[in-house]
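Participant: If you want the numbering used here, it's the 1-based position in the sequence shown plus 557. Pasting a structure here, questions to come.
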Amino acid sequence: GFLLNAKVLFIFSQILNLLGIWFFIKVFFNLNQVKFAQVYFLTIATSAFREIFVDAQVMGHIAGFIALGKYLLDKERESWSGKLLHFLGITSLMFAVDLKPNLTLFLALTVLTERSWKKRIFYFSIQYALFYAILSLYIQRPIFLDWLNVLRWTSSLDNTKDIWGSVSLWQT
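Right, here's the structure in full:
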């Protein structure tokens, strides 16, 4: 079918990468339109970001999730639906951290600690734990214990000569 076509999914993923990078620059940098266009072009033209388009990388997705989390958390006080925005912002940061924890944990913590950091980190931790508890119940397997086995396996140099991907919970 249409959604199962690998080329369509790859192109859709690349569009999401571009949108994620665009949104990240838009949220984190206060630039006028000309400077924004210059920064965006230079960002996607550099060799590091061109790699996104060669492989099915998720860095643009991660940048988009981080930016969306920051945007929603910044807007929570301005809106009548602040609790929903808070939940969605934390969820967005949670997805970013889960995709590549080694790359995004520090940036997510930076966003979480901008305001009300104790409350945000508490909710992030609770929401993250609840998500994986529900997922473990759904798949009828303790995913956290599987993840610990993956981490134990990756810490052995004998077994990790050809390691790929990340060590996030969702890959267990």
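Ideal Cβ placement from N, Cα and C applies to all residues, glycine included.
Measuring CB to CB, does Leu629 end up less than 8 Å from Leu642?
Facilitator: yes
Participant: Measuring CB atoms only, is the stretch 648 to 662 touching the stretch 613 to 621, in the sense that at least three cross pairs come out at less than 8 Å?
Facilitator: yes
Participant: Using CA atoms only, rank isn't needed, just tell me which of Tyr695, Leu575, Val707 and Asn706 is closest to Val615.
Facilitator: Leu575
Participant: Take the Cβ of Ser649 as the centre, count every other Cβ of all protein chains shown within 10 Å, and call the residue buried at 16 or more, exposed below.
Facilitator: With a 10 Å radius around the Cβ and a threshold of 16 neighbouring Cβ atoms, Ser649 comes out buried.
Participant: Could you give the first and the last residue of the continuous alpha helix (DSSP H) run that contains Val615?
Facilitator: It is not in any alpha helix (DSSP H) - Val615 carries neither H nor E in the DSSP assignment.
Participant: Please state whether DSSP places Arg677 in a helix, a strand or coil.
Facilitator: helix
Participant: As an exercise, report each continuous beta strand (DSSP E) stretch of at least 3 residues that is fully enclosed by the stretch 571 to 658, in chain order.
Facilitator: Counting whole runs of 3 or more residues, the stretch 571 to 658 contains no beta strand (DSSP E) stretch at all.
Participant: Using the beta-carbon count (16 or more within 10 Å), is Lys676 buried or exposed?
Facilitator: exposed
Participant: Between the Cα of Ala624 and those of Leu645, Glu635, Ser638 and Ser693, spot the shortest distance and give me the residue it belongs to.
Facilitator: Leu645
Participant: Do Ile647 and Phe701 have their C-beta atoms within less than 8 Å of each other?
Facilitator: no
Participant: Is any beta-carbon of chain D found at less than 8 Å from that of Tyr680?
Facilitator: Reference to chain D is not applicable here, since this structure consists of a single protein chain.
Participant: Look at Gly626 and Glu633 and say whether their C-beta atoms are less than 8 Å apart.
Facilitator: no
Participant: Alpha carbon to alpha carbon, how far is Phe569 from Ile601? Give it in angstroms, no decimals.
Facilitator: 17 Å
Participant: So what does DSSP say about Gln697, is it helix, strand or coil?
Facilitator: coil
Participant: Quick one, are the C-beta atoms of Val596 and Phe580 less than 8 Å apart?
Facilitator: no
Participant: DSSP state of Asn706, grouped into three classes?
Facilitator: Reduced to three states, the DSSP call for Asn706 is helix.
Participant: Taking the CB atoms as reference points, tell me whether Phe593 and Ile578 lie closer together than 8 Å.
Facilitator: no
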